[in-house]
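One structure is given here, and the rest of the page talks about it.
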Amino acid sequence: MSNVKMEDIVSLCKRRGFVFQASEIYGGLAGFYDYGPLGIELVNKIKAEWWQAVVTERDNIFGVDGAIVQNPKLWEASGHVAGFTDPLVDCKNCGARHRADHLAGTDSTDLNELKELLEGIKCPTCGKQELTEPRTYNMMMKTWIGPVEDNESIAYLRPETAGSIFTNFKNVQETMRAKLPFGIAQIGKAFRNEISPRDFIFRVRELEQMEMQYFIPPSIQGSVYEDWRSFAWSFLTDRLGISKDNLEWHEHGDDERAHYAAAAHDVYFNFPQGFKELWGTHNRTDYDLSNHQRVSGKDLQYIDQEKNERFIPYVIESSVGVGRMFLAVLTDAYHEEEINGDKRVVLKLKPELAPYRVAVSPLLKNKPELVEKAREVYDILKSEFGNVMWDDNGNIGKRYRRQDEIGTPYCVVIDFDTLENNTVTVRDRDTTEQQRQQISDLNEFIR
RNA sequence: GCGGGUGUAGUACAACGGUUAGUAUGCAAGUUUUCCAAACUUGAGAUGGGAGUUCGAUUCUCCCCACCCGCACCA
Numbered sequence: 232m233s234n235v236k237m238e239d240i241v242s243l244c245k246r247r248g249f250v251f252q253a254s255e256i257y258g259g260l261a262g263f264y265d266y267g268p269l270g271i272e273l274v275n276k277i278k279a280e281w282w283q284a285v286v287t288e289r290d291n292i293f294g295v296d297g298a299i300v301q302n303p304k305l306w307e308a309s310g311h312v313a314g315f316t317d318p319l320v321d322c323k324n325c326g327a328r329h330r331a332d333h334l335a336g337t338d339s340t341d342l343n344e345l346k347e348l349l350e351g352i353k354c355p356t357c358g359k360q361e362l363t364e365p366r367t368y369n370m371m372m373k374t375w376i377g378p379v380e381d382n383e384s385i386a387y388l389r390p391e392t393a394g395s396i397f398t399n400f401k402n403v404q405e406t407m408r409a410k411l412p413f414g415i416a417q418i419g420k421a422f423r424n425e426i427s428p429r430d431f432i433f434r435v436r437e438l439e440q441m442e443m444q445y446f447i448p449p450s451i452q453g454s455v456y457e458d459w460r461s462f463a464w465s466f467l468t469d470r471l472g473i474s475k476d477n478l479e480w481h482e483h484g485d486d487e488r489a490h491y492a493a494a495a496h497d498v499y500f501n502f503p504q505g506f507k508e509l510w511g512t513h514n515r516t517d518y519d520l521s522n523h524q525r526v527s528g529k530d531l532q533y534i535d536q537e538k539n540e541r542f543i544p545y546v547i548e549s550s551v552g553v554g555r556m557f558l559a560v561l562t563d564a565y566h567e568e569e570i571n572g573d574k575r576v577v578l579k580l581k582p583e584l585a586p587y588r589v590a591v592s593p594l595l596k597n598k599p600e601l602v603e604k605a606r607e608v609y610d611i612l613k614s615e616f617g618n619v620m621w622d623d624n625g626n627i628g629k630r631y632r633r634q635d636e637i638g639t640p641y642c643v644v645i646d647f648d649t650l651e652n653n654t655v656t657v658r659d660r661d662t663t664e665q666q667r668q669q670i671s672d673l674n675e676f677i678r
């Protein structure tokens, strides 16, 4: 169990502008959150790092950005419509949940019909006759296309981003003249009507996914699967700097694997509420393309010209939620320390991920010559790094603590020596130690 | 969705069926300050929403919303 408390993370997020409750002034909305000025910087950096590692640095993985609303048939083919519409009943006595159609011994999914058939039926678990009325738990959010709300115009907000990757398999393969193996990557929003959103931004109804589907001949599924497992682990530890102590592998058993997956391994992170799923690697086999071929009637086979073979590729999926990654990075970086007898909160973020790269202060704000010189240094750093904070409020210790709490790796202070020799102090967030640097060397030093 | 709990400034807490809802910290302005939340002055800032009981409700009751803890769910 993490020694970081969720309430501390939530409080910090609110206090410092990382995450706010959505529509807070109206009482909020369960399962929805807004990212604030600092939060979106961190989110953007996480996404950029992932895109860099998955797409930009490789020559056989291509990006797409699919629409959130797709033809509803896509979700029939993917299995989501069926999986999302099973009628269920709960037992009021023992709390067990059962498939209403199974209990009633019918294939019907008509709720009124099921209600009649279930009259007098007892709970198979406890034997009491206390079942609720049958109802469906549809996890897909519905909307309407066009101004008229009728059954013909129903559409769904995508419950996962993968759909438009599979439907664009042929388009990408042909336009990019790609040969197997190759991958398609996407970062985007997905929506799920979670029954109970929980644990801050961990389980939400609007989420952002970063995922990659790797299309392969079935013969290499084992090694490719292992490659993507390794990638997930090394990305988290090397690229994001997350401690290995906070990560562990979890293999899905038969009972918890998704409907499409032949094998599934998750990286779990030590969240404040315990080790929970962060990043999934799944072998989706030819489940998706086969189903889309069947339902759409379009040929989605890959043609290997050299071997003169045609077949439906297997797919290895690597999928991670942006919000969970954000929460993992924050939790991993969050530290409370004693410094000179006082407590300080410090986010030991990897410098590349910090919302602000460096902060600049004049030692004293009532000395115009210091302020003026500090402004010059600020402008130099600002044009180099962009995310630079100016702070001349209060005393210097206060400013250091403020930057500690938002993870700014360096604080540059202009003092009276600066006016003599053009050196400044650069204070390190983690060690709190400072050293003097020539202003002309600052950009390189911080980089 | 079920059961239990909690909602007071940005944050963390206090108080009360009745005067102007208090403290700390944070925030802002100013004085001061030659490197780790110093000091002083000033200022802004809250009873989640809606009904009801009452002369009067932040306080009691009900409904809604949100959050927390279990359970369930978790493609």
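Note that the numbering used here has the first sequence beginning at 232, numbered continuously upward.
Beta carbons are placed, not taken as given, at the ideal position from N, Cα and C, and that holds for glycine.
### Identity of the residues DSSP links to Asp239 by a beta bridge
Partner(s): none; Asp239 has no beta bridge.
#### Entry: Cβ distance (whole Å) where Gln252 is taken to contact Tyr266 below 8 angstroms
That belief does not hold up - the Cβ atoms of Gln252 and Tyr266 are roughly 11 angstroms apart, past 8 angstroms.
#### Entry: Contact set for Tyr641: own chain, Cβ-Cβ below 6 angstroms, skip 5 residues either direction
Val589, Val657, Ile677
### Query
Apart from the five residues just before and just after Glu255, which ones in its own chain have a Cβ nearer than 6 angstroms to its Cβ?
none
### Message
Can you check which of these residues, Leu612, Ser309, Glu651, Val526, is closest to Tyr587 by C-alpha distance?
### Response
Leu612
### Message
For Met620, report the span of its beta strand (DSSP E) as first-last.
### Response
619 to 621
### Task
Given a cut-off of 9 angstroms, decide if Val560 and Ile473 are closer than it, judged by their beta-carbon atoms.
yes
### Message
Taking 8 angstroms as the limit between beta carbons, can you name the residues of its chain near Ile447, skipping five residues before and five after?
### Response
Leu411, Pro412, Val455, Pro544, Tyr545, Val546, Ile547
### Task
In angstroms with no decimal places, state the Cα-to-Cα distance between Glu482 and Phe502.
18 angstroms
### Cα-Cα separation between Val300 and Met372, rounded to whole angstroms
10 angstroms
### Closest Cα partner of Arg649 within the set Asn597, Val602, Asn369
For the sequence presented, residue 649 should be read as Thr rather than Arg. Here the closest residue by C-alpha is Val602.
### Query
In this structure, what does DSSP give as the bridge partners for Ile385?
Trp375
### Task
Could you check the C-alpha separation between Asp381 and Arg633 for me, to the nearest Å?
54 angstroms
### Task
Write down the C-beta distance between His523 and Ala261 rounded to the nearest angstrom, noting that I regard them as a contact closer than 8 angstroms.
Not really, about 34 angstroms apart at Cβ, beyond 8 angstroms.
### Query
Going by the beta-carbon positions, is the gap between Ile637 and Ala605 smaller than 9 angstroms?
no
### Task
Could you tell me the boundaries of the beta strand (DSSP E) in which Lys475 lies?
Lys475 -> no beta strand (DSSP E), and no H or E assigned at all.
### Message
According to DSSP, is Leu595 part of a helix, a strand, or is it coil?
### Response
coil
### Query
Hey, quick one: how far does the alpha helix (DSSP H) through Met556 stretch, first residue to last?
553 to 564
### Message
By the DSSP assignment, the beta strand (DSSP E) with Ala416 in it spans what residues?
### Response
413 to 422
### Message
Please classify Val285 as buried or exposed, where buried requires at least 16 neighbouring CB atoms within 10 angstroms.
### Response
buried
### Message
Which of the three DSSP states is assigned to Arg667 in this structure?
### Response
strand
### Query
For Gly628, does the three-state DSSP call read helix, strand or coil?
helix
### Task
Select from Phe557, Glu391, Asp430, Arg423 the residue whose C-alpha is nearest the C-alpha of Ala416.
Glu391
### Task
Count the other C-beta atoms from every protein chain shown that fall within 10 angstroms of the C-beta of Arg423, then say buried if there are 16 or more, exposed otherwise.
buried
### Query
Opposite Thr516 in the DSSP bridges: which residues?
Val546
#### Entry: Residues that Phe251 bridges to, as DSSP identifies them
Asp265
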